[in-house]
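J.: Got a structure for you, written out below as structure tokens; questions coming shortly.
Protein chains in written order, with my numbering: chain A, 1 to 307; chain B, 1001 to 1537; chain C, 2001 to 2625; chain D, 3001 to 3326.
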């Protein structure tokens, strides 16, 4: 045994490289300052949304706290009855825009994240299955995907919401129905590449069950490109939810998301009461832009072809 | 890599060039005998005068077609194609036709044309909205070349007003004409002050002055009406000078338009009322719960509860803060100046303490829980008004949740589908406006008990019922003598308001914006008529 | 057979040397003096090539040879100043025909590129979206200011010069419509457009099959004679160097170890690295006279002393019945198309293949790309579903067994793949990759599994503590060792090695081959060794099967096949292999442009069943149709 | 070529049928147009009579069957609001939307491709950093919010462009176009730019990625070895390889521009199909909703077909085995 070792020195010196691929990936991610800024901004926004009740002087969804006499106050005005300053002004109901933005952020993020993740899970599983099983199942799944993708997202969402009616669950459902196809196609694409690689065939030769090949070998290697697509889809979902709310088919009016805040403020835009739409718009832009920044950098790190 | 730089600059260059196009953007300001450009909030869906009588459509059709009887700014009847009319007996009226009136194509107006118009108006193919409600109870006969006789089943004092709703078209052209023929202009031949030039759906309608018009000659040679749905864009179009006049100025813009240079505002209280309606038909109401969530007997049946609610709502604050000048606090069914308005009814001043006392008296010291429903796309700032009302009721202990929905869904659920085959809701915000321009329609459809067979109380969705008032209303509907009818109706209104049958909130005020060189008398039927727009001296 | 070939060549050499002497005194076309090239990454300049100096005389071929990472390509690229301007720095002088290329302006060097100096690369690198004609005309118009139709006529002439059949019709073909060899010929035609004084060829034949490689080398040598052109030939294959070059430059990790006439470099080089390089490269014919497989001699790069292979008896213990019997194996792939996906063609990948494999024996299957050798291996391993034929392992016919039995039987066979970078799951620690089959199929405790993994790592010459590292932390050779360890995890009796060493550098290749032989010796493994590298096959196999277009054309003991090839295809295959010995150069073998045929057939094609006859004990040859 | 054409048609008819069924069921679930459009004075009897007259009281599948019978003869039903054939109304509004979509696409290509090329060729330069930051912004800006800002800034404050509406049009073979008049162009600039913003960033990033993928290819190295000038290498060798994927995306995105015009048309009061469908949904004008969907499906089939054809023309590798389908 030891014989073979002694006389070929070249063999044992392994090159010194960072440890696990994840640490390696993060190291590369952190090299772009823009991406770090995006990540920091995103974390700030998420924290603001989570701790909204403690950060805001008023709960904009509780009608008890709204006083109509505080309606349409410009930024910096003090509230008549409740004695706090409307840092970013108030809407016609007397709802503090700053609080409404944070609560609205919460809804926008929840809707965006949940719909993107559900679509990701549904889409990826179908995509992986299509790639690995192939044949009849693959063609049916992919026909469905082509069918879905040949339709513009906003129209499909519009039709679903017009028929199902409003409410957050319907919005999420509409977004999932619209988004799963992108994931399915991307997952199938990456999975097809991976299945042809030898380590999957080696696992096959060893007689490992399909379940372990799919989840221990195929899935971990398909994850990186899907992570990129999830981030981009979250940004798209938030933007789409805002658009749907703007068109009046999105979330209910008593719990406005950022999109609805902008829509409500829209009528006052020309009346010089800019703050009703501009500040929620900036918040929405910051959220989507930060997610896109992170997604963009992830794509460079994992550089998948995908959407 | 200079090839990129050139195309890159080239691209930017195109953008700059496009911007320099802007010099010619200004439209010539409207001057006498020139073109008046008006922007409507809602789109005119058809030029067919009998199709879907809605403000945008009827405003346009009044330019092209005349009616036997016209209504002035406060909806009082004035002679139109009929110079005079009188009621011969309880069930018959006679109208005298104006001499020498010609259609735009020169053909003379005949009695046959009038009779044909009333017959066609009741069955326009494909029409959901039709004029049967106004013409159904009448039969028309030609007496002679100049006179028309109208018979009604029972005595009907409103015949002239009801005839003011229907445009007169020529039989020769109107026979078999479809709405499409009107839109293309083929059948759009009327006797009105303006002739049809062009109709591009969704974009504009162009009309030209009809010089041989029998009435006053309008100041404009050409009128262009274009729809701009979004309030802000409409205001921006006026400020940018793209249009000379706009209707439905959004509440938010009233304050800053008043101070804006070169722009003047005209107001008119609309003959419409936005009100709250309570469930007074059922023992237990679907959306009413005790404070602890338990089922309680329907509190709205108790007058004191209704009075408490009336006291809790500060209608002036809603009109001022939410509607910002687009609404006037309402205390009864019709605004001042409309036939049947009872000046004696005073607006109830808000009194939180008295309201709480009344609630306690009615056995509900700490109030109850209710859901207030309403549409979110029908009236000015409807969602804001609903939330304001909820705010005020919550203050006196009635914990009010709010649910608004698109009109399509709201009207269906408000009209039926609830327990005891009544409305799905217990308490909702809704509006009512009568085309006839006087109070009898409101009393007949809102206050009178619901009676499907006789066609009373068709809008009384939450089944308010007061036998005494019903009798008085039916008597009034048959009283030909105006003064007697007015006194009777005023009494009914006072009684209904004391009984808080319904809770009026505000009358919408329609606000027109225009260049400060123009004036326009705001109309209660909210229509915008170019021939009433005049240049200041 | 091989001896008499050398005699025939003797005569031509003499004329060759006379001509060479005459060339010497003309000034060299290219002279490079202490060339140093360094690259910039994150702010530091690291030298990749350090003070290289050599000349290229007129009509002379100079080969620059070295393993990957030796800087040979960088040297070539710096001559034409093709290295990225911002991140590379070239010091030293490069003189072309008396003019300094380093001092030239961009415009001037652009006039020279493609005109006086031309270049061809490993991949034929033609633009996929333009026709062949377009890209040829482009050069002619750019440098020789020709009119379009004159350029077209000239293009046809150039294509004919590089022996492309039916040149005129090829003009409006697209690159993807041509085979690899054909595309490389077009690239050469493009390079010759302006009769360049110097042709730089950067590994032009590495990606080609050995028969096509021979054709291209012949073509380059032929053109060099005709057009009075010097060639700077970059390669890592010593055989090609011996075939092609008059002088050779040996490079190692950026330094120039040695430069001189090829003859002198090959036979009496003074530098240990060169000698180590030469000995570690499998040379065809080095096993003549030996019947059993023998490991490579191991050479220490620094000292140069050679430890001869340890002589052990590697003969196969005869056994009554074979461990693996494959009979009439047929595999076909349908090509679908048309509206409803009807079959429009069929690839006859494997046709009626039969052979036996005994315990402890190595049977190699050789052949060019597309001959079906990997498909045969994958069919045996169950990765591909064969159309017909039996595969009997230890007496059990795999076809009839139940699912679990099949899996149990299958565990007796394991596979090692070609691409070391793709055969290990990048997301899984190496130890887990090896442990997975053990944990799955044996009831060893966690402790037991870990010990087994350590034992396997040591078996393949790796330190047990490497189990916790990820694949990307290992070199190509080490990964291949890990794959072998994984294959041995369940004590298989047969290892199928599909081009297992082709992707490795020469020196590492030798070590892995020695490891395989050592494991065979110790564990009694049988190997089914799939390869296109004849020299490695000669060293490792007991018996050899030669495949062509899906059929076994010749099978028999290695000694018989290599020293007494009967089937014409085997002969061309063996003769095409470049021999790393300049003295035994194949002189003007004649320009041959036969393409490799493709196994794609029409739907109704019925393959002819040609009989096989036994020419010597255990040596069978298929009759030629 | 024929193969993918037929396959697409089969797929499209399936989509068409599925869509009409979904809309029919959906619209009936949420409400009844009669409730919305009926005159306040009409009584209950009138309401039930009207419902019967329009056949809205029939079970859904009978209504659907009636609709299909009509559709086969080209009659997609009459709009409850406009009292004109639904198909005619949509076709009247179609040119406005098409015009806007084409303008937006041209704008996004004219701006996106040059910038993308520049960013790809000069990855480290400052302008590229700005371009890429701008593209992230373009990607993230919600269309409706930007629309508002554009009107506010360019129309109201600066007064450069009209704030809404379509301006005068010139009828060319029966169809009114506004891009032929100066006033029409001025009206179209802001909405087209609003629509184009997202697509410009998309094309920009695609072009940049394309360039970065093509540059290290060996045929580019060979082109440089052939002594071609940088300009020619980019213009000939790089551009065509980069444009193939970009062209297909532009084609596919053209469809989504038409759909997204719903938002822009609402803000800029542009009388296109988008605004029509939103209004129809509000009043449950089902014939118009169904007709709109059918036309969108037909439009999409055409777009996908054109993209297929374009792709095979541009990329020779696809053209040759077109018969084998993709």
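Every residue gets a Cβ at the ideal spot worked out from N, C-alpha and C, and that includes glycine.
1. Determine which residues of the segment 3215-3229 of chain D have a Cβ less than 9 Å from any Cβ of chain C, and write them out in chain order.
2. Inspect the beta-carbon positions of residue 198 of chain A and residue 2502 of chain C and report whether they are closer than 9 Å.
3. Return the chain-ordered ranges of every beta strand (DSSP E) run that is complete within the segment 2399-2437 of chain C and spans a minimum of 3 residues.
4. May I ask which residues mark the beginning and end of the beta strand (DSSP E) holding residue 1092 of chain B?
5. Opposite residue 1329 of chain B in the DSSP bridges: which residues?
6. Name the DSSP bridge partner or partners of residue 2117 of chain C?
7. Tell me whether the beta-carbon of residue 178 of chain A lies closer than 9 Å to the beta-carbon of residue 240 of chain A.
8. My guess is that residue 1045 of chain B and residue 3081 of chain D are in contact by the Cβ rule of under 8 Å, so how many angstroms apart are they, rounded?
9. Unbroken beta strand (DSSP E) runs of length 3 or more, entirely within the segment 1251-1292 of chain B: which are they?
10. Report the partner residues of residue 2334 of chain C according to the DSSP bridge assignment.
11. Just curious, the alpha helix (DSSP H) that residue 2045 of chain C is in, first and last residue?
12. I'd like the list of long-range same chain contacts for residue 3013 of chain D, defined as Cβ closer than 7 Å, with 5 residues on each side in sequence excluded.
13. So within the segment 1095-1160 of chain B, which uninterrupted beta strand (DSSP E) runs reach at least 3 residues, ignoring any that extend past its ends?
14. Under 8 Å by Cβ, that's how I've got residue 2576 of chain C and residue 2282 of chain C pegged, so tell me the actual separation to the nearest angstrom.
15. Does residue 108 of chain A pass the burial test, meaning 16 or more other C-beta atoms within 10 Å, or should it be called exposed?
16. Within 10 angstroms of its Cβ, does residue 200 of chain A collect 16 or more other Cβ (buried), or is it exposed?
17. For residue 3254 of chain D, which residues in the same chain have their Cβ closer than 7 Å to its Cβ, ignoring the five residues on either side in sequence?
18. Can you tell me which residues form a DSSP beta bridge with residue 1051 of chain B?
19. So with Cβ pairs under 9 Å, would you call residue 280 of chain A a contact of chain C?
20. Measuring only the C-alpha atoms, how far is residue 2395 of chain C from residue 2453 of chain C?
21. Measure the beta-carbon distance from residue 2359 of chain C to residue 2524 of chain C and round it to whole angstroms, keeping in mind my assumption that it falls under 8 Å.
22. Where DSSP assigns a beta bridge to residue 1071 of chain B, which residues make up the other side?
23. Shorter than 9 Å from the beta carbon of residue 1515 of chain B to some beta carbon of chain D?
24. Comparing the C-beta of residue 127 of chain A with each C-beta of chain B, is any distance below 9 Å?
25. Out of curiosity, what's the CA-to-CA distance linking residue 1026 of chain B and residue 1256 of chain B?
26. Select from B/1462, B/1439, B/1438, B/1437 the residue whose C-alpha is nearest the C-alpha of residue 1449 of chain B.
27. Quick one: any contact between the segment 90-97 of chain A and the segment 271-281 of chain A, if contact means 3 or more CB pairs under 8 Å?
28. Going by C-alpha distance, which of C/2500, C/2431, C/2475, C/2169 is nearest residue 2419 of chain C?
29. Strictly by DSSP, which residues pair up with residue 1207 of chain B?
30. State the start and end residues of the unbroken beta strand (DSSP E) segment that holds residue 2555 of chain C.
31. In this structure, does DSSP put residue 2480 of chain C in helix, strand or coil?
32. Among B/1401, B/1342, B/1367, which one has its Cα closest to the Cα of residue 1440 of chain B?
33. Measure the beta-carbon distance from residue 1376 of chain B to residue 1406 of chain B and round it to whole angstroms, keeping in mind my assumption that it falls under 8 Å.
34. Per DSSP, which residues does residue 2032 of chain C bridge with? Please list them.
35. The beta strand (DSSP E) with residue 2261 of chain C in it runs from where to where?
T.: In terms of the structure at hand:
1. Hits within the stretch, in order: 3217, 3218, 3219, 3220, 3221, 3222, 3223, 3224, 3225, 3226, 3227, 3228, 3229.
2. In this structure, residue 198 of chain A keeps its C-beta atom at 9 Å or more from the C-beta atom of residue 2502 of chain C.
3. Positions of the beta strand (DSSP E) runs, each at least 3 residues long and wholly inside the segment 2399-2437 of chain C, are given as 2413-2416 in order along the chain.
4. Counting along the chain, the beta strand (DSSP E) containing residue 1092 of chain B begins and ends at 1092-1097.
5. When beta bridges are read from the DSSP output, residue 1329 of chain B appears opposite B/1506.
6. Beta-bridge pairing links residue 2117 of chain C to C/2113, C/2198.
7. Yes, these two residues count as a Cβ contact at 9 Å.
8. Sure, about 5 Å apart at Cβ, within 8 Å.
9. Taking only runs of at least 3 residues, the beta strand (DSSP E) segments lying wholly in the segment 1251-1292 of chain B are 1263-1269, 1272-1278.
10. Answer by DSSP bridge pairing, in chain order: C/2346.
11. For residue 2045 of chain C, there is no enclosing alpha helix (DSSP H); the enclosing beta strand (DSSP E) covers residues 2044-2056.
12. Once the five neighbours on either side are set aside, residue 3013 of chain D has no close Cβ partner at all.
13. DSSP runs (the beta strand (DSSP E)) wholly in the segment 1095-1160 of chain B: 1138-1144, 1147-1152.
14. In this structure, residue 2576 of chain C and residue 2282 of chain C do not form a Cβ contact; the two beta carbons are roughly 16 Å apart against a cut-off of 8 Å.
15. By the 10 Å Cβ count, residue 108 of chain A comes out buried.
16. Answer is buried; the Cβ neighbour count reaches 16.
17. The residues are 3101, 3105, 3303.
18. Answer is none; residue 1051 of chain B lacks a bridge partner.
19. Not an interface residue.
20. Taking the CA atoms as reference points, residue 2395 of chain C sits about 30 Å from residue 2453 of chain C.
21. Contact holds; Cβ gap of about 6 Å.
22. According to DSSP, which records beta bridges pairwise, residue 1071 of chain B is partnered with B/1077.
23. Residue 1515 of chain B does not count as touching chain D.
24. Chain B, which has no Cβ nearer than 9 Å to the Cβ of residue 127 of chain A, makes this no.
25. For residue 1026 of chain B, the predicted structure reports a pLDDT of 41, less than 50, and the residue's modelled location is therefore unreliable. The matter cannot be settled from this model.
26. Residue B/1462 is the option with its Cα nearest to residue 1449 of chain B.
27. Pairwise C-beta distances place the segment 90-97 of chain A in contact with the segment 271-281 of chain A, as three or more of them are shorter than 8 Å.
28. Looking only at C/2500, C/2431, C/2475, C/2169, the smallest Cα-Cα distance to residue 2419 of chain C is reached by C/2500.
29. Note: residue 1207 of chain B is bridge-paired with B/1196, B/1223 in the DSSP secondary-structure output.
30. DSSP places residue 2555 of chain C inside the beta strand (DSSP E), whose first and last residues are 2551-2557.
31. Reduced to three states, the DSSP call for residue 2480 of chain C is helix.
32. Ranking B/1401, B/1342, B/1367 by Cα distance to residue 1440 of chain B puts B/1342 first.
33. With a Cβ gap of about 6 Å, residue 1376 of chain B and residue 1406 of chain B count as contacting.
34. The partner list for residue 2032 of chain C (beta bridge, DSSP) reads C/2054, C/2094.
35. Taken as a continuous stretch (DSSP letters only), the beta strand (DSSP E) holding residue 2261 of chain C covers 2255-2261.
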